[in-house]
Each structure stands twice: as structure tokens, then as C-alpha cells.
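What follows is a single structure, written as C-alpha cells, with notes after it.
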Amino acid sequence: MLDVSSEDITEGNLARALVFLATPLAAQGLVRVGEAVIDLFWLGRLSGDAVAGVGLADSFYALVIAAVIYAPMVGTQVLVSQRVGSDDDESARLTAFNGMVLGAVLAVVGGVLAFLFIDPVVGFLAGLESGGGGVNVEESATTYLRVIFLGLSLAVVSDVLEMVYIGHGDSKTSLYMNVVPVLVNVTLDPLLIFGYGPFPRLEVQGAALATVTSWGAGLLFGLVVLRTSRGTGLFSRAQARLDRATMRDLLDTGAPIAGQNLARQVARFAMVVVAFLAGGGAGVAAYYLGARVAGVSFVPAGGLKNALQSVVGQNIGAERADRADRATRVAFAIAVGLLTVVGVVQLLVPGAVVDLLAPTLDGTARGFAVDYLTILAYGYPAIGAAYMLEGGFNGTGRTKVPFVSTVLQFYAVRLPIGVGGALLLDFGVQAVFWGVTVSNVVVAVGLGAYYLRSVNGGMMRRAAGTAAD
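1 is the number of the first residue of the sequence shown in the UniProt record's numbering; add one for each residue after it.
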């Protein structure tokens, strides 16, 4: 029912195409974020130190994953969708194969290097806490990362394969590739963390093992689908070869997004450090919990952004510049409306959300978490707007624009507010939280103004002409 053909995207109703393509993507995003929330749910019943430790670990993991996954993932989605839109199936298959190879190589190299730096990085972070309790936090973070980085390649290759399906308009298979892992994770997490039945009690290590196992299950499912009718035409032996020009195109398209996300994660890493300095383990636990809740809240916008990138890309490939612009505006309105509703709901029940996810948090950590969820909610409409504007630029191949906007968002607004407010003006960890929301609003306004200027200057028409060449 939710299948979307190339004709639907380039000729049919845009709102329908966006919603139909985004629905399984949003469900996929919910499943993926749900996997992380599942870890938080069970670790939150283990101890506050476990939550803080995995929060520290997550900041380092996010830094590494940003460095290795986005270039092959986004490059594959954008180029495959454009080549499908222009009916160049051979180039689409060649791009898919080279994207998979690029993702595998980057994942192996990145995972090995990250594994070697676990002890010094976590030791440095844990040493920043002025209060007690740092030893348990450090042990939890180190244990978690040792397992996660060994399985990194499973996550990266699986995500690139998902982008191949999405580039062809098949977001349903991508959804299934995430449903399988979450089912595995939701089953294994309590068994391995607490040692129910014949399973050993592995605590934080068990959470990591459940996550890596679930990544492998998702990848296996995606590979199996390639042998069915849904996978017909996505790859071929004739195009299963390395191609220098295709690799260059993948990197040219995806590298700015990789840089954008790496810049974002470096800044988030720094914000975790500031939260640790300002609030200790309680500050990190609150920041981690808030990030997980925000991840769930942003799911509609994330799914719509990915759908928009494919819709814009295929319309650019079909030389329908007017539809590419119209799709961006329709997606913008939908995302802002949805996240406004989500923000209002979060403003009403922040304490209940904290108690549901992490009942073992002490009074200080719980108070910080409630503050963060409240402050975050004010910026949700702006996040929806920024996501769609980024999707519009990415779909045209102008991936450097979101990169520059992200650098300015994090380094000109978010970090100065967080560092200055928390450490220099002594406003406490709440300054970190306000830095996040203010930066989200500023980037939405800036991107909106630049998008209008670019479209009025012929951005979509030029992109369509380039794709036709």
C-alpha cells in the first residue's frame, strides 16, 4: 500500500508521495531510535552510573559513526535516486555496489582505530568529574564501547544497503531491516543485562552485545531480500566492480554530509564534556536521556527528510525543478506542524517521561533531565524546519550548504552559549540545554532565508540541468 513508484514521485501528488515514502522511513526511524531507548529503559533500571557511563560512551561512538557512515550512506542514496530518476539503471547498480564497498572499508578502518583509543578517551572524560563515583561510570563506558566498535562494520554496511533500497523508492524493505534488529534487541537486552533464565548477567556488556547482534540480524535480512523479487535489479554482476569515477562521485556528494555530521558530533562531544564539568554524572545522565527522547521526537522529521531527499533527487533527475522546490515546501509545512504538536505534548509531561525511562536517577539527575526535556521542546518546530531545508539542499546535490550551516549552528551558537553560560557565567548545566535550543532556532531561520534566496536565483533549474548532462 505504501509503495511509491518513480512515476508517483515525478508526476503524481507530491504530498501523497512524500507521506507514503516517509511513513515507513519514519517507522524505521522510530524503530532505530527505539532500539537506543530500549537500552536506556533497561540500563535505567540497573543504575544511574550505567546510564551515565553509556551516555559518555555514546558521545564517543557518535563521533566515530559520523566519521565513517555518512559519506557512503548519503552519497549512495542521493546518487542512486538521481540515476533511477533519469532511468540510468546500470549507473544506479554501479553506484550501489561501490557505496557498499566504501562503507565496509571505512567501517573496518574506523572501528579498529576507535577501539585502540577507547581507554585514553574514556579515561580523559571520566577524569573530568570533580565529584565521586567516576570509576563505575568509566568502567561502564569502556565495557560498552569495546563490544560496539568490534561490530561497527555491521551497522555501517546495513545502513548503506538500506539507502540503496530507499534510492529506488523502496522504503518498506528499509523499514523491515530495522524492525528485525529491534525485535532482536528488545528480546536480548533484559536477558543479557540481568541474566534471566540460562543467560549470564552481563549488565552494560550485555546491552552492547544485544545491540551488535541486532545489527547483524538487520544486515542479514537485507541481504536475503536481495534474493527475492524486491531486490531484483538493485545489483548485478556486470556492475559489481570498483569504479574510480563513481567512488569520486560518492565522496563528492557524501563527504560534505560526513563533515557536517562529524562537526555536529565533535560539538556534541564537547557539550557532553561541558555537561560533565557543570553537572557531573547527573548532568551527563540528563543529557543522554534528553538526547534519546529528542531522537524519538524527531522521528517524523527524520523520515520526511530522507523521503524528501529521494523525491527532490528523482525530480531533479527527471528535470522537474518546479516539483523539487514544491516538494521541499510541502515537506516543510508538514514537519513544522508535526513537531509543534510533539513539542506541546513534551512540555506537558516531562517528569513522567523521565520516570518511565530511568526510575533509578537520583533527585539531582532527575531534576536536570526534566529541565532538559522542557527546554528542548521549545525548539522542536525549528528542528522540523531545518531538517526539511537540509533535505531540499541535499536532494539537489548542494550538500555543502547544510555542512556550513551545521558548523555555524554548533560552533558559533551552541558551544559558546553552553561553555560561556555553564563554565564562565556559572549558570549551571541548564546553559548547555539552552544552547541546544537556541542554536536549533537560529539555524532554521538562517537556512530558510538562504533557501529562498537560492531558489529565487535558479538553484533547482541549475541542478536539473547538471543532472541531465
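All C-beta atoms, glycine included, are put in the ideal place defined by N, C-alpha and C.
From Val-330 to Asn-315, what does the alpha carbon distance come to, in whole angstroms? Using only the alpha carbons, I get a separation of about 14 Å.
For the candidate residues Val-108, Val-31 and Gln-309, whose alpha-carbon lies nearest to that of residue 487? Given that the chain is displayed from residue 1 to residue 469, the structure contains no residue 487 and the question cannot be resolved.
May I ask you to report which of helix, strand or coil DSSP gives Arg-45? Of the three classes helix, strand and coil, the one that applies to Arg-45 here is coil, per DSSP.
Any heavy atom of the ligand NAP closer than 7 Å to the beta-carbon of Glu-90? Questions concerning the ligand NAP fall outside what the structure shown contains, since it holds no ligand whatsoever.
Rounded straight-line distance, which links the Cα of Asn-136 to that of Ala-365: Each residue's alpha carbon lies about 16 Å from the other.
Enumerate, from N- to C-terminal direction, the unbroken alpha helix (DSSP H) stretches of 4 or more residues contained entirely within the stretch 341–424. Complete alpha helix (DSSP H) runs here, min 4: 350–357, 363–377, 380–395, 400–408 and 415–419.
Tell me whether the stretch 272–289 and the stretch 299–314 touch, counting them as touching only if at least three CB pairs, one residue from each stretch, are closer than 8 Å. Too few Cβ pairs lie closer than 8 Å, so no.
Alpha carbon of Ser-91 to alpha carbon of Gly-458, nearest angstrom: Rounded to whole angstroms, Ser-91 to Gly-458 spans 27 Å at the Cα level.
Limits of the unbroken alpha helix (DSSP H) element including Leu-452: Counting along the chain, the alpha helix (DSSP H) containing Leu-452 begins and ends at 430–456.
If you reduce the DSSP assignment to three classes, tell me which class Phe-269 lands in. Phe-269: helix per DSSP, three-state reduction.
Would you call the stretch 89–109 and the stretch 71–81 touching, i.e. three or more CB-CB distances under 8 Å? Three or more Cβ pairs closer than 8 Å define a contact, and the stretch 89–109 meets that threshold against the stretch 71–81.
Does DSSP put Asp-243 in a helix, in a strand, or in coil? Asp-243 sits in coil when the DSSP states are folded into three classes, being neither helix nor strand.
Contact defined as beta carbons within less than 8 Å: I believe Val-274 pairs with Ala-422. What is the distance between those atoms, to the nearest angstrom? Between the beta-carbon of Val-274 and that of Ala-422 there is about 5 Å, and that keeps the pair under the 8 Å contact cut.
In whole angstroms, give me the CA-to-CA distance for Leu-116 and Leu-106. When the Cα atoms are used, Leu-116 and Leu-106 turn out to be separated by approximately 16 Å.
Whole angstroms is fine: what's the gap from Asp-249's alpha carbon to Gln-239's? Going by the C-alpha atoms only, they are around 16 Å apart.
Under 8 Å between C-beta atoms of Glu-35 and Val-182: One thing to note: Glu-35 has its Cβ within 8 Å of the Cβ of Val-182.
Okay, do the stretch 365–384 and the stretch 59–66 touch, 3+ Cβ pairs below 8 Å being the bar? Counting C-beta pairs closer than 8 Å gives fewer than three between the stretch 365–384 and the stretch 59–66, which falls short of the contact rule.
Under the assumption that Thr-246 contacts Leu-94 (Cβ atoms under 8 Å), give the Cβ distance between them as a whole number of angstroms. Sure, about 5 Å apart at Cβ, within 8 Å.
With a threshold of 6 Å on Cβ separation, who are the neighbours of Leu-40 within its own chain once the five nearest residues in sequence on each side are excluded? Only Arg-292 and Leu-357 meet the Cβ criterion.
Nearest candidate by alpha-carbon position, reference Leu-192, set Gln-430, Met-388, Arg-83 and Ala-210: Per the C-alpha coordinates, the member of Gln-430, Met-388, Arg-83 and Ala-210 positioned closest to Leu-192 is Ala-210.
Answer yes or no: do Ile-38 and Val-157 have a C-beta to C-beta separation smaller than 8 Å? No, the Cβ-Cβ distance between Ile-38 and Val-157 is not below 8 Å.
Does the pairing of the stretch 399–408 with the stretch 340–356 give three or more beta-carbon distances under 8 Å? No, they do not touch.
Span of the alpha helix (DSSP H) around Asp-159: The continuous alpha helix (DSSP H) containing Asp-159 extends over residues 152–167.
Nearest by alpha-carbon distance to Ser-153: which of Thr-23, Trp-42 and Leu-220 is it? Of Thr-23, Trp-42 and Leu-220, the residue nearest in Cα terms is Leu-220.
According to DSSP, simplified to helix, strand and coil, what is Thr-173? Looking at Thr-173 - three-state DSSP - the assignment turns out to be helix.
For the structure I just gave you, are there three or more beta carbon pairs, one from the stretch 412–427 and one from the stretch 383–391, closer than 8 Å? Touching, no.
Just how far apart, CA to CA, sit Gly-131 and Ala-27? Bear in mind that the predicted position of Gly-131 carries a pLDDT of just 45, short of 50, making it unreliable; the figure below should be weighed with that in mind. In a straight line, the C-alpha of Gly-131 is about 41 Å away from that of Ala-27.
Assign Arg-241 to one of two classes, buried (16 or more other C-beta atoms within 10 Å of its C-beta) or exposed (fewer than that). Taking all protein chains in view, the Cβ of Arg-241 is surrounded by fewer than 16 other Cβ atoms within 10 Å, so the residue is classified as exposed.
Which of the three DSSP states is assigned to Tyr-70 in this structure? Under the three-state reduction of DSSP, Tyr-70 is assigned to helix.
How many angstroms separate the CA atom of Gly-206 from the CA atom of Ala-449? In this model, Gly-206 and Ala-449 are separated by some 47 Å (Cα to Cα).
Is it buried or exposed, Met-1, if we count other Cβ atoms within 10 angstroms and call 16 or more buried? Because Met-1 carries a pLDDT of 45, less than 50, the predicted location of this residue cannot be relied on, and the following value inherits that uncertainty. By the Cβ-count criterion, Met-1 is exposed, with fewer than 16 other Cβ atoms from all chains shown falling within 10 Å of its own Cβ.
Thr-23 in three-state terms, based on DSSP: Of the three classes helix, strand and coil, the one that applies to Thr-23 here is helix, per DSSP.
Under 8 Å, do Ser-171 and Pro-24 count as touching if we go by C-beta distance? In this structure, the beta-carbon distance from Ser-171 to Pro-24 falls below 8 Å.
Do you know offhand how far Ile-148's Cα is from Ala-217's? Computed Cα separation, rounded: 15 Å.
Cα separation between Tyr-451 and Gly-337? Each residue's Cα considered, the two are about 19 Å apart.
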